[in-house]
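Everything in the sequence shown is counted per our numbering, starting at 193 for the first residue and increasing by one.
Glycine included, C-beta positions come from ideal geometry on N, C-alpha and C.
These numbers were taken from a predicted model, which means no experiment stands behind them.
See structure below.
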Amino acid sequence: MKIVKVVARIQEFLRLEAAAGILLMLSALLALLASNSLLSPLYNALLSTPVAIKIGALEIAKPLLLWINDGLMAVFFFLVGLEIKREVLEGELSTYDKAALPVFAAIGGMAAPALIYAWINWANPSTLSGWAIPAATDIAFALGILALLGSRVPVSLKVFLLAVAIIDDLGAIVIIAIFYTSNLSLMALSIAGAGVAALIALNRFGVKTITPFMLIGVVVWTAVLKSGVHATLAGVVIALTIPLHGAREGDQSPLHKVEHDLHPWVAYLVLPVFAFANAGVSFAGLSLSSLLAPVTLGVALGLFFGKQIGVVALSWLAVALK
């Protein structure tokens with residue numbers, strides 16, 4: 193009986209909207225504790241573990257940390273891409289006016305932090321090049337904080353903030369690809385483009401089975417990874433090609449089914465693992481002078497003030513322009 197009660201309580205916890213946010217924050221806390229304790233060497237060694245996959249001449253060899261950031265997070269971006277497509281076509285972002293608002297907000301959320309960082313670091317060309325660092329929004333933690341608030345946050349606000357965070361992050365990925373990537377592989381990009389064209393063709397021809405989309409999607413992700421562009425971008429692009437309507441009236445669409453099936457895996461596995469791998473900031477050697485350094489000030493002030501000023505100001509402008 194005790195086992196049954198324990199299982200029932202676990203199931204009840206997992207049904208809570210805030211459960212994913214709690215797990216995310218706990219994972220981040222564990223990472224901070226591990227990186228600032230006697231476990232630090234073990235934590236760093238774990239994330240540095242080399243992992244390689246080789247098929248013939250094709251080889252992907254990366255430390256575990258990059259597999260998490262480029263692989264698992266591509267799954268996360270795939271899910272949020274599905275959510276955005278659904279909202280744009282039949283939900284809270286289905287009209288031009290509603291869809292334009294988060295675009296304005298996201299532009300402000302990228303521009304204001306970058307300008308604040310550039311203003312603080314203007315006299316130092318070597319650090320000025322880091323202006324794009326505060327431009328991105330960490331979607332995973334943004335969603336985690338929203339999840340902690342549960343039903344107290346209106347659905348429309350969640351969708352708006354989700355759209356802002358995604359557009360913001362995709363904009364940052366594009367900035368990295370344009371300004372910070374020196375060795376783009378045109379061959380890999382061509383293969384990725386051909387894969388995306390194949391996915392669009394599957395959608396246009398009415399293919400409702402998800403398997404061919406996933407197989408071609410793996411090829412697209414691999415090609416984007418090899419191209420030098422951030423591989424998480426592939427997750428969003430693949431998601432936009434998944435059909436929204438079923439084969440027959442009343443059938444569950446591939447998009448709805450995949451979104452439903454994938455959501456718990458992302459919420460209870462992908463995001464906690466991402467948080468544990470990336471939140472382990474070491475405080476060793478931290479001093480007041482390092483906190484007041486131009487790069488630190490530029491990033492901190494850009495994120496804390498720039499994000500809010502940019503999002504609010506451009507949102508107000510969008511509403512004023514109707």
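Inset, instruction - Give the single residue among A386, T329 and L432 whose Cα lies nearest to the Cα of V280. - result: If you number the sequence shown from 1, residue 280 lands on position 88. Comparing Cα-Cα distances from V280 to each of A386, T329 and L432, the minimum goes to L432.
Inset, instruction - Quick one: grab the DSSP three-state call for E534. - result: Summary: the structure shown does not reach residue 534, with the chain confined to residues 193 through 514, and so no result is reported for it.
Inset, instruction - State yes or no: is the C-beta of L420 within less than 7 Å of the C-beta of S377? - result: Along the sequence shown, one-based indexing puts residue 420 at 228. Along the sequence shown, one-based indexing puts residue 377 at 185. Before going further, note that residue 420 is Gly rather than Leu in the sequence given. It is a contact, given that the beta carbons lie within the stated cut-off.
Legend entry - When V503, A512 and G472 are compared against S232, the one with the closest alpha-carbon: As a working mapping, residue 232 is identified with position 40 in the sequence shown. Out of V503, A512 and G472, G472 has the C-alpha closest to the C-alpha of S232.
Inset, instruction - Return yes when the C-beta of T433 is under 6 Å from any heavy atom of the ligand COA, and no when it is not. - result: Annotation note on the ligand COA: not contained in the displayed structure, which lists no ligands.
Legend entry - Of the residues S240, G273, F270 and Y235, the one placed nearest L258, counting alpha carbons only: Counting from one through the sequence shown, the residue named residue 258 turns up at place 66. Closest by C-alpha distance to L258, out of S240, G273, F270 and Y235, is S240.
Inset, instruction - Return the CA-CA distance between L293 and V511, expressed in angstroms with no decimal places. - result: Along the sequence shown, one-based indexing puts residue 293 at 101. Along the sequence shown, one-based indexing puts residue 511 at 319. Rounded to whole angstroms, L293 to V511 spans 8 Å at the Cα level.
Inset, instruction - Taking only runs that begin and end inside the region 231–299, name each unbroken alpha helix (DSSP H) of 4 or more residues, in chain order. - result: Within the region 231–299, the complete alpha helix (DSSP H) runs of at least 4 residues are 232–239, 256–259 and 265–282.
Legend entry - Own chain partners of A324 with C-beta closer than 8 Å, once the 5 adjacent residues on each side are dropped: By 1-based counting over the sequence shown, the position of residue 324 is 132. For A324, where only same-chain residues beyond five positions count, the Cβ hits under 8 Å are A306, A364, I367, I368, F371 and Y372.
Inset, instruction - Give the C-beta separation of S474 and N228 to the nearest angstrom, bearing in mind that I take them to be a contact with Cβ-Cβ under 8 Å. - result: Against the sequence shown, residue 474 aligns to sequence position 282. Against the sequence shown, residue 228 aligns to sequence position 36. Distance from S474 to N228 at the Cβ level is roughly 6 Å; contact confirmed, criterion being Cβ atoms closer than 8 Å.
Inset, instruction - With a 10 Å radius around its C-beta and 16 neighbouring C-beta atoms as the bar for buried, classify N375 as buried or exposed. - result: If you number the sequence shown from 1, residue 375 lands on position 183. Exposed: under 16 other Cβ atoms inside 10 Å.
Legend entry - Beta-carbon spacing of A303, G502 below 7 Å: Taking the sequence shown and counting its residues from 1, one reaches residue 303 at position 111. Taking the sequence shown and counting its residues from 1, one reaches residue 502 at position 310. Result yes, Cβ atoms of A303 and G502 sit closer than 7 Å.
Legend entry - Inter-stretch contact at 8 Å, needing at least 3 Cβ pairs: the region 309–321 / the region 484–491: Yes: the two stretches touch, three or more of their Cβ pairs being nearer than 8 Å.
Inset, instruction - Grab me the residues of F268's own chain with a C-beta within less than 6 Å of its C-beta, minus the 5 sequence neighbours each way, in chain order. - result: Position 76 of the sequence shown, counting from 1, holds the residue named residue 268. Answer for F268: V458 and V462, listed in chain order.
Legend entry - Integer-rounded CB distance, given that G387 should sit under 8 Å from V411: Reading the sequence shown from its first residue, position 219 is the one you call residue 411. Reading the sequence shown from its first residue, position 195 is the one you call residue 387. Right, the Cβ-Cβ distance comes to about 5 Å (below 8 Å), so this counts as a contact.
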